[in-house]
Structure formats: C-alpha cells, structure tokens
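Visitor: I have a structure here, written as structure tokens, and I will follow up with some questions on it.
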Amino acid sequence: MGDSITANIFLMGYAYQKGLIPLTLSSIVEAIRLNGVSVDTNLRAFSWGRITAAEPDRVETLSGEPVQQPETPKISLDDFIKDRIFDLTAYQNADYAGRFKAWLDKVRKAEEAAGSSSRELEEAVARSLFKLMAYKDEYEVARLYSTSRFRQKLISQFDGDYTVSFNFAPPLFAPKNPITGQPRKTQYNGRWMSYVLLVLSKMKFLRGTPCDLFGYHRDRKIERQLLGDYEKLLLEVMGSLSPANMEIAVALTSLPQDIRGYGHVKNQSIFKFQQNQDKLSSEYFGQSNVMEAAE
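So the number in the numbering used here is just where the residue sits in the sequence shown, counting from 1, plus 227.
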C-alpha cells in the first residue's frame with residue numbers, strides 16, 4: 228500500500244463507498260488535488276478503497292490474495308452508552324444526555340421483565356435513539372468544525388502553506404440549483420467562517436426553542452418529529468413486549484439506524500425507513516394483539 232498517508236486515503240475510499248463519509252465525491256477528489264502531495268498515487272489509493280468496499284471479489288482476483296475487511300473495534304454496551312452520553316452532553320447538555328439514559332433504563336427494565344437478559348433490545352434502542360437525538364443541524368456542524376480535534380486533523384493531513392475554505396449549503400440562505408431545485412453549496416473563506424462557526428457553536432442552547440431560526444426549516448421539523456415519534460413507539464413496544472415478539476421488537480427499534488445522508492438524500496432515506504417501519508409495526512402489534520386474544 229505504501230506509506231501511512233496512502234493507507235489512510237485507501238481507508239477513506241473504503242469508508243466513502245460504505246456511506247460513512249458525508250461528503251461528495253467531487254469535494255474529496257478536489258481536496259486531494261489541492262493538497263498537491265502524491266496526487267496520482269492518492270487518487271488511485273482512494274479508488275482502490277472504493278473498489279475494495281464494493282467488489283472485494285474483484286480485488287482478490289486482480290491481486291491473487293484474499294481481501295481482509297477492516298475490523299471494527301468491539302466495545303461493551305455499557306462503554307458504548309457511556310460514550311454516547313458524553314457525546315450528547317457535548318451536543319446539547321447534561322439534561323439532554325439524561326433523557327437518553329432514562330429511556331435506556333426503561334427499556335432495560337422492560338426487556339428483563341419480558342424474560343430476556345441479552346440486552347439486544349437495549350442496544351438497538353441505544354444506537355437508534357442516539358442517531359435521532361444527535362442529528363447534525365447547523366449548531367452541531369459548527370461545533371464539530373470548531374473543535375481542536377478538527378484543527379489537529381488538518382495539521383496532520385496537509386503539509387506546507389495551505390488555505391482552508393468551507394463549502395456549505397445552509398437551508399435558510401443557500402441559493403437553489405436551477406435544475407434540481409436543491410440547495411447549492413457556496414464556498415466560504417476559512418478564516419472568516421471559522422469565527423462564525425465558533426460563535427454559532429456557542430448558540431446551541433437555542434436548539435429547539437422559539438428563538439431557533441434554523442429549527443423552522445422543514446428538515447429540522449422532520450428530524451424533531453422522527454425523535455418524538457420514536458419515543459412514542461418505544462412506549463408502545465414496551466407495553467406489548469414478550470418473549471414471543473422480542474425479535475421483531477429488536478428489528479423494529481433498529482430501523483432508524485438505516486437513515487442516511489443529509490437534505491434531500493436523507494429525506495429519501497426517511498421515506499424508505501417509514502415504509503419499513505409501517506410494515507414491521509403492523510407485524511409486531513398484530514402479533515401482540517393475537518397473543519392477547521389467545522390469553
């Protein structure tokens with residue numbers, strides 16, 4: 228593979244193909260070119276990473292060696308929950324993180340009352356609930372780009388004299404693409420925008436309040452609605468939980484983890500998620516009603 232930088236570019240290509248990097252292909256390629264270091268080599272590494280993720284058999288045929296899939300470090304459920312509580316505290320505050328923990332405590336008790344000690348339902352809810360609670364709105368994007376961790380990443384990935392710019396499509400201000408009608412990204416000066424992002428990150432206390440101007444946008448309303456609907460679903464699931472329907476309950480409460488992307492891409496993903504949720508909900512609650520009738 229070459230040096231560590233090339234290996235990192237390869238892994239970035241792999242992650243991009245798996246849908247784990249919320250950036251466009253053109254912006255990643257542009258960043259590699261702008262860096263000006265081993266451009267052709269890094270572009271090839273990125274492409275091979277994508278191919279490895281999409282067609283590992285093809286890579287095995289070409290290389291003559293089996294492809295080793297990157298392993299995801301395994302952590303315990305308790306550690307995962309602790310990490311998510313830390314993340315939600317940074318995302319909003321301790322009360323918001325406490326809301327997350329309170330739901331997991333309820334789910335754990337309901338799961339145990341239904342005769343299960345596997346904690347599979349608790350884990351499904353932990354992953355899904357966190358995803359819905361930590362949606363990336365304007366305040367969160369500003370916070371992530373204002374951290375020292377982000378600045379250290381820039382220093383470690385780019386050498387020499389370089390400038391930083393941000394490409395954003397803020398829903399309230401972005402011009403529309405005349406063909407697609409979707410918000411179009413605009414490039415902003417990095418030095419100036421860094422100060423704006425820092426100030427905006429400090430205003431996260433406005434999130435969800437009447438003073439939250441971003442919260443009036445359709446996408447933000449949908450994200451809050453998804454969270455509220457999921458919390459209602461949890462109450463209904465816990466009220467009908469039994470050993471017989473535990474497997475369906477885990478599948479049903481795991482569905483939000485399939486939501487991907489941002490903007491119109493995320494809206495399409497939400498539509499598919501809602502279809503799957505309607506189907507599994509009918510199966511879950513239909514089975515519960517049959518069991519109650521049998522009793």
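Glycine residues also receive a C-beta, built at the ideal position from the N, C-alpha and C atoms. All of these numbers come straight from a predicted model, not from anything done at the bench.
Would you list, in sequence order, the uninterrupted alpha helix (DSSP H) runs of no fewer than 4 residues that lie entirely inside the region 372-401?
Guide: Listed in chain order, they are 375-384.
Visitor: Does any residue of chain C have a CB that is nearer than 7 Å to the CB of Val266?
Guide: The structure shown contains no chain C; it is built from a single protein chain.
Visitor: When you compare each of Leu356, Ala337, Trp275 to Asp314 by their alpha carbons, which one comes out closest?
Guide: Here residue 314 refers to the residue found at position 87 of the sequence shown. Ranking Leu356, Ala337, Trp275 by Cα distance to Asp314 puts Leu356 first.
Visitor: Using three-state DSSP, classify Pro470 as helix, strand or coil.
Guide: Locating residue 470 in the sequence shown gives position 243, counting from the first residue. It is helical.
Visitor: Thinking Ser375 and Ser428 are a contact (beta carbons under 8 Å), I'd like their distance in whole angstroms, please.
Guide: Taking the first residue of the sequence shown as 1, we reach residue 375 at position 148. Taking the first residue of the sequence shown as 1, we reach residue 428 at position 201. Not quite, the Cβ-Cβ distance comes to about 12 Å (not below 8 Å), so this is no contact.
Visitor: Using 8 Å for Cβ pairs, my map puts Glu338 next to Arg326. What's the rounded Cβ distance?
Guide: As a first step, residue 338 must be located in the sequence shown, where it is residue number 111. As a first step, residue 326 must be located in the sequence shown, where it is residue number 99. The pair is not a contact, with the Cβ atoms about 19 Å apart (cut-off 8 Å).
Visitor: Could you please give the first and the last residue of the uninterrupted alpha helix (DSSP H) stretch that includes Tyr415?
Guide: Your numbering for residue 415 matches position 188 in the sequence shown. First-last for Tyr415: 413-416, but that is the beta strand (DSSP E), not the alpha helix (DSSP H).
Visitor: Does DSSP put Ile236 in a helix, in a strand, or in coil?
Guide: Working through the sequence shown from its first residue, we reach residue 236 at position 9. In the structure shown, Ile236 sits in a helix (DSSP, three-state: H, G or I).
Visitor: Helix, strand or coil, according to DSSP, for Ala521 in the structure here?
Guide: To locate residue 521, count along the sequence shown from 1; it is residue 294. Low per-residue confidence applies at Ala521: pLDDT is 49, beneath 50, and the placement is therefore not dependable, though the value from the model is reported in the following sentence. Ala521: helix per DSSP, three-state reduction.
Visitor: Residues in its own chain within less than 7 Å of Leu359 by CB, not counting five upstream and five downstream?
Guide: Within the sequence shown, the letter at position 132 stands for residue 359. Correct list, in chain order: Leu453, Leu454, Tyr457, Pro483.
Visitor: Candidates Ala401, Asn416, Phe377: which alpha carbon is nearest Phe393's?
Guide: By one-based count along the sequence shown, residue 393 stands at place 166. If we check each option's Cα against that of Phe393, Asn416 comes out closest.
Visitor: Nearest to Glu349 by alpha carbon, out of Gly490, Phe400, Thr480?
Guide: Indexing the sequence shown from 1 puts residue 349 at position 122. Here the closest residue by C-alpha is Thr480.
Visitor: Do you know offhand how far Gly490's Cα is from Phe395's?
Guide: Locating residue 490 in the sequence shown gives position 263, where the first residue counts as 1. Locating residue 395 in the sequence shown gives position 168, where the first residue counts as 1. Distance between the alpha carbons of Gly490 and Phe395: 12 Å.
Visitor: Near Ala520, what residues of its chain come up, given a Cβ to Cβ distance below 8 Å and the 5 sequence neighbours on each side ignored?
Guide: Taking the first residue of the sequence shown as position 1, residue 520 is located at position 293. Interpretation of Ala520 is limited by its pLDDT of 48, a score under 50 that renders its predicted location unreliable; the figure taken from the coordinates is listed afterwards. Correct list: empty, nothing qualifies.
Visitor: If distances are taken between C-alpha atoms only, which option among Ala234, Asp446, Arg418 comes closest to Glu365?
Guide: Translated into positions along the sequence shown, residue 365 becomes position 138. Ranking the options by Cα distance to Glu365, first place goes to Asp446.
Visitor: Over what stretch of residues does the alpha helix (DSSP H) that includes Leu250 continue unbroken?
Guide: Within the sequence shown, numbered from 1, the residue matching residue 250 stands at position 23. From DSSP, Leu250 is part of no alpha helix (DSSP H); its letter is neither H nor E.
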